[in-house]
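Written below as structure tokens is the structure these notes are about.
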């Protein structure tokens with residue numbers, strides 16, 4: 168399929184958010200460093216952010232495999248935070264401070280190309296996040312960093328977590344589109360593979376420092392995705408806007 | 168509660184859409200008149216629009232009272248359209264034409280104050296439609312007429328229809344807000360009453376020609392709503408933006 172076929176077929180684009188659109192790691196380190204200085208807490212906030220993110224997939228896995236009932240990501244993040252607080256010796260944090268720190272995931276900045284690239288894409292396509300972040304989290308991020316989404320398609324709406332197929336098929340159903348009219352857009356090959364397996368189109372760009380300077384995964388496209396771009400601005404250019 | 172209390176308490180505003188934000192009647196008459204001329208169908212399109220709208224509440228009532236399973240508004244509109252087509256002698260319409268005509272509900276223009284007023288409100292508050300229109304319908308309207316929603320809160324997400332309480336409480340839950348932090352905004356007193364009954368704040372402005380020049384309902388606020396405005400721009404002014 169050539170790009171001109173794609174630009175006429177694709178009606179909606181859904182975007183992985185953490186890592187693909189927003190730079191969670193730098194944002195968290197910046198936010199908690201400043202907050203720690205102002206509130207008398209000191210820690211290796213980079214290690215803290217990385218450890219927190221490493222607990223993300225295991226925490227969702229319990230929901231995916233049915234060990235626990237549907238639970239939104241804010242709650243999973245909070246449970247992981249409690250473990251981290253002990254590990255990093257931050258037990259003096261008050262409840263209000265824990266709530267504030269947990270909501271750092273609502274205060275993430277976009278990568279530099281995100282707002283510009285998405286604004287161009289929105290002129291022709293329906294654009295929405297498709298993230299495991301809950302609706303409230305994604306709403307807050309969008310307002311915080313200015314992401315111009317047409318609508319908010321958290322997997323919370325479908326009560327599942329990517330890469331469960333219902334995440335992608337739920338989007339097609341709620342938008343009344345065929346899977347081939349919807350493009351999953353991400354910096355993560357596994358997300359795209361799961362989307363392609365149920366018929367969606369795919370677009371990839373790398374975020375080689377998402378996990379810091381020693382990142383080893385998702386540096387390049389591991390499959391022949393429909394679009395491989397350098398970033399969201401380049402992706403917009405390839406999609407004709 | 169004074170306006171300054173309200174402007175600090177309210178975090179999110181949800182808007183009735185048909186009639187309150189978009190002018191469904193004039194939009195449908197304009198759209199179908201032009202379409203009819205181009206496609207050789209003639210009818211009293213004003214009567215057609217009014218009759219279609221009169222079938223709206225009865226069709227949803229079957230879902231509300233459990234007589235039928237959850238069904239989105241596009242499907243209810245289509246069923247009503249089939250009856251209208253016969254009544255108005257338009258049986259020559261092809262299937263593709265029926266699909267196009269049914270989607271006139273996706274092509275509604277905002278009232279003149281809508282985009283300007285909402286844009287101002289968005290600078291301070293989370294803004295979203297809370298409409299019985301399905302997600303795809305609301306997404307299309309927003310792109311068609313340029314409504315700057317932060318997110319799309321169709322009652323489809325909660326599998327119910329306003330004024331069922333779960334419509335309003337579902338919004339509070341998904342946004343992680345208390346009912347008193349959410350304001351229901353509409354040109355319809357009954358919608359506001361149902362929202363206030365479960366604790367939401369309320370804002371009213373009239374749309375005295377929503378149903379045409381001989382409208383008798385919703386010309387004025389019938390209760391002491393938190394805000395009574397002349398239109399969405401005036402509402403924004405009263406809410407400090």
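Protein chains in written order, with the numbering used here: chain Z, 168 to 408; chain H, 168 to 408.
C-beta: ideal position from N, C-alpha, C; glycine also.
Put residue 371 of chain Z into one of helix, strand or coil per three-state DSSP. Residue state for residue 371 of chain Z is assigned as strand, using DSSP reduced to three classes.
Rounded to whole angstroms, what is the Cα-Cα separation between residue 301 of chain Z and residue 207 of chain H? 49 Å
Proximity test, Cβ basis, 7 Å: residue 306 of chain H and chain Z: At least one C-beta of chain Z is nearer than 7 Å to the C-beta of residue 306 of chain H.
Would residue 318 of chain H count as contacting chain Z if we go by Cβ distances under 7 Å? yes
Report yes or no: do three or more beta-carbon pairs, one from the region 384-391 of chain Z and one from the region 223-232 of chain Z, lie closer than 8 Å? no
Does any residue of chain Z bring its CB to less than 7 Å from the CB of residue 303 of chain H? yes
Residues bridged to residue 352 of chain H [DSSP beta-bridge criterion]: H/182, H/370
May I have a chain-ordered list of the beta strand (DSSP E) segments no shorter than 3 residues that lie completely inside the region 200-228 of chain Z? none
Anything in chain Z within Cβ reach of residue 309 of chain H, meaning under 9 Å, just list it in chain order. 317, 318
Quick one, which residues of the region 343-361 of chain H are near chain Z if we go by CB-CB under 7 Å, in chain order? Result list: 343.
Tell me which residues share the same chain as residue 307 of chain H and place their Cβ nearer than 8 Å to its Cβ, disregarding the 5 neighbours each side in the sequence. Cβ contact annotation for residue 307 of chain H (same chain, cutoff 8 Å, sequence separation greater than five): 270, 273, 274, in chain order.
So does the region 394-404 of chain Z actually touch the region 239-255 of chain H, counting three or more Cβ pairs closer than 8 Å? no
For the region 282-328 of chain Z, list the alpha helix (DSSP H) runs that are entirely contained and at least 4 residues long, ordered along the chain. Unbroken alpha helix (DSSP H) runs of no fewer than 4 residues, entirely contained in the region 282-328 of chain Z, are found at 302-312, following chain order.
Compare the C-beta of residue 294 of chain H with all C-beta atoms of chain Z and state if any pair is closer than 7 Å. Among the CB atoms of chain Z, none fall inside 7 Å of the CB of residue 294 of chain H.
On a CA-only basis, which of Z/256, Z/313, Z/234 is nearest residue 188 of chain Z? Give me that one, please. Z/313
Do residue 410 of chain H and residue 213 of chain H have their CB atoms nearer than 7 Å? This structure leaves residue 410 of chain H out entirely; chain H is present only between 168 and 408.
Proximal chain H residues relative to residue 252 of chain Z, where beta-carbon distance stays under 9 Å: Simply none; closest approach about 21 Å.
What in chain H is Cβ-close to residue 399 of chain Z, meaning under 7 Å? Those within 7 Å of residue 399 of chain Z in chain H number zero; the least Cβ separation is about 19 Å.
Under DSSP, the alpha helix (DSSP H) around residue 332 of chain H begins and ends at which residues? 332-342
For residue 324 of chain Z, go through chain B and note every residue whose CB falls closer than 8 Å to its CB, in chain order. Among the chains of the structure shown, chain B does not appear; the protein chains present are Z and H.
Taking Cβ positions, are residue 276 of chain H and residue 190 of chain H nearer each other than 7 Å? yes
Three or more C-beta pairs closer than 8 Å, one from the region 173-184 of chain H and one from the region 350-367 of chain H: is that the case here? As far as the Cβ criterion goes, the region 173-184 of chain H touches the region 350-367 of chain H, which means the pair count is three or higher.
Would DSSP call residue 188 of chain H helix, strand or coil? coil
Could you list the residues in the region 188-213 of chain H with a C-beta less than 9 Å from some C-beta on chain Z, going in chain order? none
Does the beta-carbon of residue 373 of chain Z have 16 or more other beta-carbons within 10 angstroms, so that it is buried, or is it exposed? buried
What is the DSSP secondary structure of residue 387 of chain Z, counted as helix, strand or coil? coil
Tell me, which residues are paired with residue 379 of chain Z by DSSP? Bridge partners of residue 379 of chain Z: none, in fact.
Grab me the residues of residue 238 of chain Z's own chain with a C-beta within less than 7 Å of its C-beta, minus the 5 sequence neighbours each way, in chain order. Counting only Cβ-Cβ distances below 7 Å, and skipping sequence neighbours, we find 230.
Less than 8 Å between C-beta atoms, sequence neighbours within five positions excluded: which residues of the same chain meet that for residue 291 of chain Z? 174, 406, 407, 408
Could you spell out where the alpha helix (DSSP H) holding residue 276 of chain Z opens and where it closes? Counted as a single uninterrupted DSSP element, the stretch harbouring residue 276 of chain Z is not any alpha helix (DSSP H), since DSSP gives it neither H nor E.
Return the bridge partner residues of residue 394 of chain H from the DSSP annotation. H/370
Beta carbon of residue 346 of chain Z nearer than 7 Å to that of residue 366 of chain Z: yes
Among Z/255, Z/309, Z/335, Z/377, which has the Cα closest to the Cα of residue 285 of chain Z? Z/309
Does the separation of the CB atoms of residue 324 of chain Z and residue 324 of chain H fall below 7 Å? yes
Would you call the CB atoms of residue 305 of chain Z and residue 338 of chain Z closer than 7 Å? no
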